[in-house]
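Remember, this note's numbering sits 1195 above the position in the sequence shown when you count from 1. Beta carbons: idealized from backbone N, C-alpha and C, even for Gly. What follows is a single structure, written as structure tokens, with notes after it.
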Amino acid sequence: MDMGSHWEDLRKLARQLENEIDLKLVSFCKLGSNYGSHKDVSNDTSPLLNKSGDHMFHTMSMEIEQLLAKLTELNDRMSDYSQKLDGGSHNAALLHTLQRHRDILQDYSHDFNKTKSNVLACRQREQLLGSVRRDIDAYRTSIASGPNRRTDLYLKENEHLRNSERMIDEQINVAMATKENLQRQRGVFSSISNKMNSLANRFPVINSLVSRINIRKRRDSIIIACVIAICIILLLIYQFH
């Protein structure tokens, strides 16, 4: 087959695909616009997409994606063809034509992805609103369902209170374990302090250093005691609130 004839066949196929994609994109964008306008004017209980509209959306999306894939493959074939030719003005014209087809493909892909993303975003918002409405309806139904439902609510609240009490007990146990650990550390510090005092009696030069250490130790003990007291007070307030 003649090289020029092959190029013209490729261009003809490309134009056919572009025209087909253009027609489908017009319908697809119109479908997306109808979804958006339907969302604006519909009430809160009206679904954004019915079954037929959902099926049409998926069908058109798949068809356009397949056509875009075919056009991409065809552009690649045209690119391979242009690379086989020798340089010159004829080859430059082919490259210019190829770039124009690539730009058209890019524009079609952008329009398709934008419309598809907008429709999917509308669907997600509608599903979220539907979930919120279902929760509200379930709550209203539970309130209006009578004494048995209120009894269940009281039982759930009681269970919640028991869970809160167990959590407070766990926090108190953690505080007690922390207190025991601090007491053990205080014993260790006391032993170290006694040794340091013994050294201070032997070495008067260290006496001032030991005094500063004792002052800092007493300050740290006061701070730790205040922190423990505040934690216990907060836990008691939370328990009896």
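Span separating the alpha-carbon of residue i from that of residue j
| i | j | result |
| --- | --- | --- |
| residue 1294 | residue 1272 | 13 Å |
| residue 1269 | residue 1217 | 16 Å |
| residue 1433 | residue 1420 | 20 Å |
| residue 1416 | residue 1359 | 31 Å |
| residue 1261 | residue 1227 | 19 Å |
| residue 1418 | residue 1351 | 41 Å |
| residue 1220 | residue 1266 | 14 Å |
| residue 1296 | residue 1324 | 42 Å |
| residue 1286 | residue 1277 | 7 Å |
| residue 1410 | residue 1383 | 17 Å |
| residue 1310 | residue 1303 | 11 Å |
| residue 1256 | residue 1316 | 15 Å |
| residue 1412 | residue 1372 | 21 Å |
| residue 1414 | residue 1427 | 20 Å |
| residue 1155 | residue 1347 | The requested residue 1155 does not occur in the structure, where the chain is confined to residues 1196 to 1436. |
| residue 1229 | residue 1215 | 21 Å |
| residue 1407 | residue 1369 | 32 Å |
| residue 1362 | residue 1331 | 30 Å |
| residue 1205 | residue 1212 | 11 Å |
| residue 1329 | residue 1258 | 35 Å |
| residue 1222 | residue 1291 | 30 Å |
| residue 1314 | residue 1207 | 33 Å |
| residue 1254 | residue 1307 | 13 Å |
| residue 1430 | residue 1349 | 24 Å |
Three-state class that DSSP yields for residue i in the structure shown
| i | result |
| --- | --- |
| residue 1240 | Reliability of the predicted coordinates at residue 1240 is poor, the pLDDT of 43 falling under 50, and the value obtained from them is presented with this limitation in mind. The answer is coil: DSSP assigns residue 1240 none of H, G, I, E or B. |
| residue 1235 | For residue 1235, the pLDDT reaches just 45, beneath the cut-off of 50, and the residue's location in the model is therefore unreliable, leaving the point undetermined. |
Subject >> Validate contact between the region 1371-1391 and the region 1345-1359 using beta carbons, cut 8 Å, 3 pairs >> reply: no
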